[in-house]
Amino acid sequence: MLYAGNEEIKSSRLSVAGGAYFMQDEVFKEVYGDSAWVFYGEYSYRLPFLLNRHIEIGVEYRFLSDKGKLTVTKEEVDLAISDFTLSLRYLFDLKRFIIFIGPGLDYIIYKEKYPPTFPVSSTKGSVLGFSFQGGCYYDFSSSLGAKVCVKYSHAQAEEGSVKADLGGIGIKAGLVFRFNL
Amino acid sequence: MSRQGCCLRILKKPALILTFVLSPLFLSGSLHFTNVTQKNNVGGYSYFGAHGICWVDVNNDGKLDLYIKNQDAKGVLNVENILYINYGSIFSDEAFLRGVSDAYPTGTHGGVFADLDNDKDFDLFSTTTYGNISPSYNHIYENDGTGYFQDITDNISPSQDIDTFSRGVAAADFDGDGDIDLYFSNPLSEAKPFSTQPSPPKQLKNFYMNNGDGTFTWTYRGIEWIGFVQGVSAVDIDQDGDIDIAEAKWAPPSTIYLNDGNGYFHKAGGSLGLPLTINVKDNGMSFADLDNDGDLDFAVIGGHRIDIYKNNEGIFQKYNSMSTVGSNSGFHCCFGDFDHDGDLDLYESGGYFYQNDGQGNFIYVSLNVSALMASLNTVDPRSSALGDFDGDGDLDVYIADRRGYNVLLRNDIDDSNWIQVEVLSDQTGGTGGIGTKLWLYEGGHLGESGFLKGFREITGEYGYLAQDMPAAHFGVSQSSAYDLKIEFLNGEQRVINSIVPGQKIQTAYILPPINLTGERKVNRALFYYENVIQLTWNANPDNENISKYRIYRVEQWRKLDYVDEVSAENLVYHIRNTSSNTQYIFAVTAVDNNNIEGAPAYVTVE
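Quick mapping for you: the protein sequence lines, in order, are chains A and B.
Each residue of the first sequence is one higher than the one before, starting from 1 at the first, in our numbering.
Each residue of the second sequence is one higher than the one before, starting from 1001 at the first, in our numbering.
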C-alpha cells in the first residue's frame, strides 16, 4: 500500500476503454476504411520503488475487429487483430489529473478471413512491434477515474510477398478502477 | 493425264468447239478463274472417289476449310474422306488426325456440317453408303471447337441396326424446337436400289431428330421412300417459315416435301408444279432466287439436262432447259454471282459457267481457256461447291471428280463489288444460320420490292452433295450503300442499314455485347492479394429480353470453355486468381429469356 502524503494511493488500475484506431497502411484504408473501432482492457501497476513512485507498468489487451471489402471484387473480408502491450509509463501527478507518457512493446496477433472465391480462406500470423503512448487519468474518487490516451504503434507484418503496416494512431477513452492488490 | 491428253479430250467436246467459235457473238460478260488445285494441294486422293463437298470453317480460325466426301474409289474399301485445313497459303489433309476420316465401307456420299449442339462450331453428319458390307451406319461427329471431332453416333436412339444406302442429307431445325435435326435419304439396306420403276411407298425411319441434349431420336416424319434418291435440298420452299425438303430422284419424279411447321412432311411436288415424269434420273435440285423477286426458284439437273423453274407465287413453272456438257449426265449445278453484277450465275459442275441476264435467263459466258479446260477435263464430275477460300470477297469453286483429281478454281475478279453476310449465331443459339433468309435492298429502300438486289437463304447440303460456305454472298455496285433485312427461322427480323460494299458483315440473332474490355487488376486484402482480370462490357442496344451473360475462356483458337454466367444487370465480371504474365482471351455472350445464346464478343488481355 502506497501513500501520497497522508492519502492512500491505490497502486493498481484496471481500465476498460474504447476508441478508434487509425492504421496508416494504405491498403488497410482501401479495404477497411480510414479507422476501425478498438476495445481495450488494461491492468497497470504503479511501482513503489522507482523514481518516487512515478513509474507505472501496464499490460494491455487490445482487440480490433472490422469488416471490409476486397479492393476490386468488393467481396466482404473480416479482420481481427489482438494486441498485447507491455508498457512502462512515467506519471506526473497533478492532484486529480495524472499525466502519463511512455513506451511499450507490442505482440500483435492477426487473422484475416476471405470469401470462398479468394485463393486462400484466411491469413493468420503474429508480429512484434513497439508503441509510445501518452494520456492522463482523472480520478473521480479514490476508486474510480477516467482515462484518455493517444497511442502510436509501429509494426510491420509480412505474409509472403505482402507487407502490411499495422502501425498507426489509436485514440481511446474509458473508465479506470483503482484498487490495491 | 498429260497436258496433250487434256487438249485432245477437249477437242472431242463439240459444245466447247462451238463455244470458242461463237462466244464473241453472244457474250455479255466474262469471267476469269485460275486453276489453283496444285498450288493449294487440294486434288484429292490418287485413287479418286470424290462425290460431295463442304466448305466450312471447322477450326474457327476465320478461313474456310474443305471437306471432301469420298466413295467408290477404284474399288478401294474404307476410303477416307478428306478434311483440308486451310492454312492460308496451303491446305493440309487432317481428316484422320481430327477424327473425321469416316473410313467405312463403302464410303460416303452425303454429309453436312451444322452446329448440332449449339456451341458455335460446326459438327458433322456423315453418311455411309451400303455396298454389301456391314455394318454401314451413318455417323455424327461433335466438334470440340478447335476442329477436332469425337464420334457421338451412339447418341442416336434407337441404335442403328440396319445398313443404309444414304446419299443426300439435310440439316435444319425442322420441328422449330431450337436445334438442328438431320435427314438422310435411302434408309434401306439395298446395295444398289436403282430400279427404273418407283417402289411401293416404304415408311422408313430417315430422321435423326435432335433432342437438344446431345442425343438424337431416329424416327419417321412423313417422307416415304418410293425410289432411289440422289441429292437432297432443304430450304423454305413455300416461304411459310419452316424448312421443306426437295429430293432429286431417279425412278420416281423428283419432288418437294412440305413441312407442316412441326417437322412432319407431306409430298407436294405435283401441286407445286413439278413434273411427274418417272425414270428421269435427276441428281440434284438447287434452289435460289434467280430473278431477284424475293422467292426461291430452282434448277434440277440430271438426265443430260438442266431444267430451270421459276417460282410464280408459289407454283413452279419450267421456263428454261439446257443440255449438260458432253456425255456428262449432270450431277450438280450451283448459283453464285461470280461476276458481281447483281444476279446469280449458274455453274454446271464440270461444265460451263452461265451468266444471268437479270431475269433468270442464262447465257453462256466466256471463261479463260485454262480454267474452262480444268472444268471440262474433269473425268466424272459430281458435286461442286462455292466458297471464298482466299477471303478476297468473291466466290471460288471446288469440283469433286469421282474418277479424276478434284479441281479448285480461284475467282480472279478484283473488285469490291460484293457483300458477304455471316450469321454468327441464329435463333437456335448455334452458328451457321441454316434457314436464315436475307434480303438486300438498295440503301434507303428497305422492303421495297423494286429495289431488291438479292435474296438468299442459308442452307446446308443441297443439290448433289454440295455445301457452300455458310455465308450469303451478294454481288453489288460499289457506288451504292445497301440495307439488309435478316429473317431468322422463327420469324424474328433484324435490319442493318447503309452497308458499304467490299465487306463481310457478321450478324446474329442475339448480338454480342459491345465495348468488351479486359483489364488486369490486383484484388487486395490486407494480408493477401490475387491478380484478377476485370471484364466489362455494355449491353447491345439492338438486343431484347437479355436475361444473362455467359463468360468463356478461349484456350485454343476459338474454343469456348465455360467460366460462369451473370445476370443481365451485371456488366462486369472478374476472372479470379490469374497469372500476371499470361495472355488470356475471353468471350462474353448474351443469353435471352428463352435461353438462346448469342454470338460472342472477344477480348484479348495481354
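Cβ atoms here follow ideal geometry from the backbone N, Cα and C, with glycine treated the same way.
Closer than 8 Å at the beta carbon, the chain B residues around residue i
{"i": "Tyr116 of chain A", "result": "Looking at the sequence shown, residue 116 of chain A is not Tyr but Pro. The premise fails here: Pro116 of chain A is roughly 11 Å from chain B at the closest Cβ pair, so nothing lies under 8 Å."}
{"i": "Pro119 of chain A", "result": "Tyr1528, Glu1530, Arg1576 and Asn1577"}
{"i": "Asp139 of chain A", "result": "By Cβ distance, chain B contributes nothing, its closest Cβ being about 39 Å from Asp139 of chain A, past 8 Å."}
{"i": "Val72 of chain A", "result": "Lys1521, Val1522, Asn1523, Arg1524, Val1532, Gln1534 and His1574"}
Amino acids of chain B, ordered along the chain, whose beta-carbon sits closer than 9 Å to that of residue i
{"i": "Phe28 of chain A", "result": "Leu1526"}
{"i": "Leu64 of chain A", "result": "In chain order: nothing, as chain B lies at least about 11 Å away."}
{"i": "Ala157 of chain A", "result": "Leu1526 and Phe1527"}
Residue i - DSSP class collapsed to helix/strand/coil
{"i": "Thr971 of chain B", "result": "The structure shown has nothing for residue 971 of chain B, since chain B only spans 1001 to 1606."}
{"i": "Phe84 of chain A", "result": "strand"}
{"i": "Ser1580 of chain B", "result": "coil"}
{"i": "Met1469 of chain B", "result": "coil"}
{"i": "Gln1038 of chain B", "result": "helix"}
{"i": "Val1058 of chain B", "result": "coil"}
{"i": "Asn52 of chain A", "result": "helix"}
{"i": "Tyr1047 of chain B", "result": "coil"}
{"i": "Leu1097 of chain B", "result": "helix"}
{"i": "Lys113 of chain A", "result": "strand"}
{"i": "Val1169 of chain B", "result": "strand"}
{"i": "Ser142 of chain A", "result": "coil"}
{"i": "Tyr1148 of chain B", "result": "coil"}
{"i": "Gly1450 of chain B", "result": "helix"}
{"i": "Tyr1104 of chain B", "result": "coil"}
{"i": "Tyr1087 of chain B", "result": "coil"}
{"i": "Lys29 of chain A", "result": "helix"}
{"i": "Arg96 of chain A", "result": "coil"}
{"i": "Asn1594 of chain B", "result": "coil"}
{"i": "Val1476 of chain B", "result": "coil"}
{"i": "Phe1527 of chain B", "result": "coil"}
{"i": "Asp1123 of chain B", "result": "strand"}
{"i": "Asn1279 of chain B", "result": "coil"}
{"i": "Ile57 of chain A", "result": "strand"}
{"i": "Phe118 of chain A", "result": "coil"}
{"i": "Asn180 of chain A", "result": "coil"}
{"i": "Pro1600 of chain B", "result": "coil"}
{"i": "Lys10 of chain A", "result": "coil"}
{"i": "Ile101 of chain A", "result": "strand"}
{"i": "Leu1022 of chain B", "result": "For Leu1022 of chain B, the predicted model reports a pLDDT of 43, less than 50, meaning its position is unreliable and no value from the coordinates is stated."}
CB-CB length for residue i against residue j, believed under 8 Å
{"i": "Val1036 of chain B", "j": "Arg1524 of chain B", "result": "Their Cβ separation, rounded to whole angstroms, is 57 Å, which puts Val1036 of chain B and Arg1524 of chain B out of contact at 8 Å."}
{"i": "Asp1345 of chain B", "j": "Gly1336 of chain B", "result": "6 Å"}
{"i": "Leu94 of chain A", "j": "Glu56 of chain A", "result": "With a Cβ gap of about 15 Å, Leu94 of chain A and Glu56 of chain A do not count as contacting."}
{"i": "Thr123 of chain A", "j": "Glu159 of chain A", "result": "5 Å"}
{"i": "Ala1073 of chain B", "j": "Phe1048 of chain B", "result": "6 Å"}
{"i": "Trp1601 of chain B", "j": "Pro1512 of chain B", "result": "Going by the sequence as given, residue 1601 of chain B is Ala instead of Trp. Right, the Cβ-Cβ distance comes to about 4 Å (below 8 Å), so this counts as a contact."}
{"i": "Ser1416 of chain B", "j": "Ile1399 of chain B", "result": "In fact, because the Cβ distance is near 27 Å, the residues do not count as touching under 8 Å."}
{"i": "Asp25 of chain A", "j": "Ala164 of chain A", "result": "6 Å"}
Closer than 7 Å at the beta carbon, the chain B residues around residue i
{"i": "Ala164 of chain A", "result": "Leu1526 and Phe1527"}
Anything in the stretch 1564-1577 of chain B with a Cβ closer than 7 Å to a Cβ of chain A? List those residues in chain order, please. His1574, Arg1576 and Asn1577
Run through the stretch 1183-1271 of chain B for me and flag every whole alpha helix (DSSP H) of 4 or more residues, listed as ranges in chain order. none
Going along the stretch 1516-1542 of chain B in order, which residues come within less than 8 Å of chain E, judged by CB to CB distance? Absent here is chain E; the protein component of the structure consists of chains A and B.
Compile a chain-ordered list of the residues in the stretch 74-93 of chain A whose CB is closer than 7 Å to at least one CB of chain B. Val77 and Leu79
Could I get the ranges of all uninterrupted beta strand (DSSP E) runs contained in the stretch 1539-1566 of chain B, with 3 residues as the minimum, in chain order? 1546-1554
Members of the stretch 97-112 of chain A that neighbour chain B once the beta carbon cut-off is set at 8 Å: Tyr110 and Glu112
Go through the stretch 1356-1420 of chain B residue by residue and report every complete run of the alpha helix (DSSP H) that reaches 4 residues or more, in order. 1369-1376
At a Cβ cut of 8 Å, what residues of the stretch 21-50 of chain A count as close to chain B, listed as they run along the chain? Asp25, Val27, Phe28, Glu30, Val31 and Tyr32
Which parts of the stretch 1287-1368 of chain B are runs of the beta strand (DSSP E), unbroken and 3 residues or longer, counting only runs that do not cross its ends? 1297-1302, 1305-1312, 1315-1323, 1333-1336, 1345-1348, 1353-1356 and 1362-1364
Unbroken stretches of the beta strand (DSSP E), 3 residues or longer, contained in the stretch 1485-1512 of chain B: 1493-1499 and 1503-1508
Write down every uninterrupted run of the beta strand (DSSP E) in the stretch 124-176 of chain A whose length is 3 residues or greater and which is fully enclosed by it, in chain order. 144-154, 156-159 and 162-165
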